[in-house]
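Enquirer: Residue numbers for the sequence shown follow the working numbering, beginning at 426 and rising by one.
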Amino acid sequence: MAGSLGTRALLVIDGKPRQLAVGDTVEGIRLLAVSNNDALVEVGGKRVALQLGGSPANLGGAASAGTGDRIVLTSGSGGHFMTSGTINGSAVRFFVDTGATTITMGAADAERIGVDYKKGQLGYTTTANGVVPAYRVVLNSVRIGDVQVYNVEATVLPASMPYMLLGNSYLDRFQMRRENDRLTLEKK
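1) Is the segment 580-598 touching the segment 550-558 in the sense that three or more CB pairs, one from each, lie closer than 8 Å?
2) In this structure, how does DSSP classify G485 when only helix, strand and coil are distinguished?
3) In whole angstroms, what separates the C-alpha of G463 from that of T508?
4) So, helix, strand or coil for L596, using DSSP?
5) Quick one: give me the first and last residue of the beta strand (DSSP E) that D463 is part of.
6) Express the C-alpha separation of N605 and P442 in angstroms, rounding to a whole number.
7) Please tell me whether L477 and G428 are closer than 9 Å, where the distance is taken between their beta carbons.
8) Given a threshold of 16 other Cβ atoms within 10 Å of its Cβ, counted over all protein chains shown, does S480 qualify as buried or as exposed?
9) Could you have a look at G570 and say whether DSSP puts it in helix, strand or coil?
10) Count Cβ pairs between the segment 591-604 and the segment 519-526 that sit closer than 8 Å; are there 3 or more?
11) By a C-beta neighbour count over all protein chains shown, 10 Å radius and 16 as the cutoff for buried, is G485 buried or exposed?
12) Roughly how many angstroms separate the alpha carbons of V562 and E611, rounded to a whole number?
13) What whole-angstrom Cβ distance do L457 and M426 have, given they're in contact under 8 Å?
14) In this structure, what does DSSP give as the bridge partners for V451?
15) Might you give, ordered along the chain, the residues of its own chain that have their beta carbon closer than 6 Å to the beta carbon of R455, omitting 5 neighbours on each side?
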């Protein structure tokens with residue numbers, strides 16, 4: 426992904442810059458979502474998260490090793506940081522939430538990405554909507570851009586959520602630095 430403007434993304438496909446609006450399909454690549462920092466595309470029935478300025482991706486081949494150590498996000502409207510990523514290899518959307526203890530997702534998203542949360546530890550947690558039942562699980566891998574971490578705690582709630590909260594079970598593994606509208610996460 427080379428850039429974005431509202432609901433449009435500038436993607437470099439086979440070396441050629443192409444401008445796509447959400448819903449457009451070019452050369453078998455469909456743009457599903459776009460933000461200031463990233464885009465979510467579908468190719469061959471699989472969802473792939475692309476980060477702004479990230480390394481070129483071969484959408485038809487194997488992913489990179491995920492050995493990067495730095496993530497840079499730009500805030501969107503309202504000063505919030507959102508990004509695409511993957512959990513156990515499945516594409517997701519994250520909302521950075523330093524007030525969340527763990528990565529938090531709704532049951533429908535957990536099922537969509539193959540997290541068997543009912544085998545997790547059942548308990549209760551306090552949310553903005555009060556005390557609700559919750560399952561604690563451990564995710565095999567969480568990846569944003571070229572940065573991947575392993576064995577990350579998560580909480581699955583019964584309620585539907587518009588995105589997943591990227592909480593401290595992931596963020597605590599990074600040194601965080603904010604400068605104006607930019608948030609830099611560097612692996613500790």
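C-beta atoms are modelled at their ideal positions from N, C-alpha and C, and glycine is treated no differently.
This structure is a prediction, so every number in the text was calculated from the model and none was measured.
Expert: By the coordinates alone:
1) Inter-segment contact for the segment 550-558 and the segment 580-598 is present: three or more beta-carbon pairs are separated by less than 8 Å.
2) Counting from 1 along the sequence shown, the entry for residue 485 is found at position 60. Low local confidence applies: a pLDDT of 49 at G485 is under 50, so the model's placement there is unreliable, and no value is given.
3) In the sequence shown, counting from the first residue as 1, residue 463 sits at position 38. In the sequence shown, counting from the first residue as 1, residue 508 sits at position 83. Strictly speaking, residue 463 in this sequence is Asp, with Gly absent from that position. Between D463 and T508, the C-alpha separation is close to 6 Å.
4) Indexing the sequence shown from 1 puts residue 596 at position 171. Here L596 sits in helix by DSSP.
5) Residue numbering aside, residue 463 sits at position 38 when the sequence shown is read from its first letter. It spans 463-468 - the beta strand (DSSP E) in which D463 sits, taken as one unbroken run.
6) As a first step, residue 442 must be located in the sequence shown, where it is residue number 17. As a first step, residue 605 must be located in the sequence shown, where it is residue number 180. When rounded, the distance between both Cα atoms is 29 Å.
7) Taking the first residue of the sequence shown as 1, we reach residue 477 at position 52. Taking the first residue of the sequence shown as 1, we reach residue 428 at position 3. Yes, the Cβ-Cβ distance between L477 and G428 is below 9 Å.
8) The residue labelled residue 480 in the question sits at position 55 within the sequence shown. With a pLDDT of 49 at S480, under the threshold of 50, the predicted position of this residue should be treated as unreliable, though the coordinate-derived value follows. Residue burial annotation: S480 is exposed, with fewer than 16 other C-beta atoms found within 10 angstroms of its C-beta.
9) Mapped onto the sequence shown, residue 570 falls at position 145. DSSP places G570 outside both helix and strand once states are collapsed to three, so it counts as coil.
10) The way I'd put it, the segment 591-604 does touch the segment 519-526; three or more beta-carbon pairs between them come closer than 8 Å.
11) Your numbering for residue 485 matches position 60 in the sequence shown. The predicted model places G485 with a pLDDT of 49, which falls under 50 and marks its position as unreliable; any figure quoted below should be read in that light. So G485 ends up on the exposed side.
12) Along the sequence shown, one-based indexing puts residue 562 at 137. Along the sequence shown, one-based indexing puts residue 611 at 186. C-alpha separation (whole angstroms): 25 Å.
13) Along the sequence shown, read from residue 1 onward, the residue named residue 457 stands at position 32. Along the sequence shown, read from residue 1 onward, the residue named residue 426 stands at position 1. About 13 Å; that fails the 8 Å criterion.
14) Working through the sequence shown from its first residue, we reach residue 451 at position 26. Answer is I454, bridged to V451.
15) To locate residue 455, count along the sequence shown from 1; it is residue 30. Within the same chain, R455 has close Cβ partners E467.
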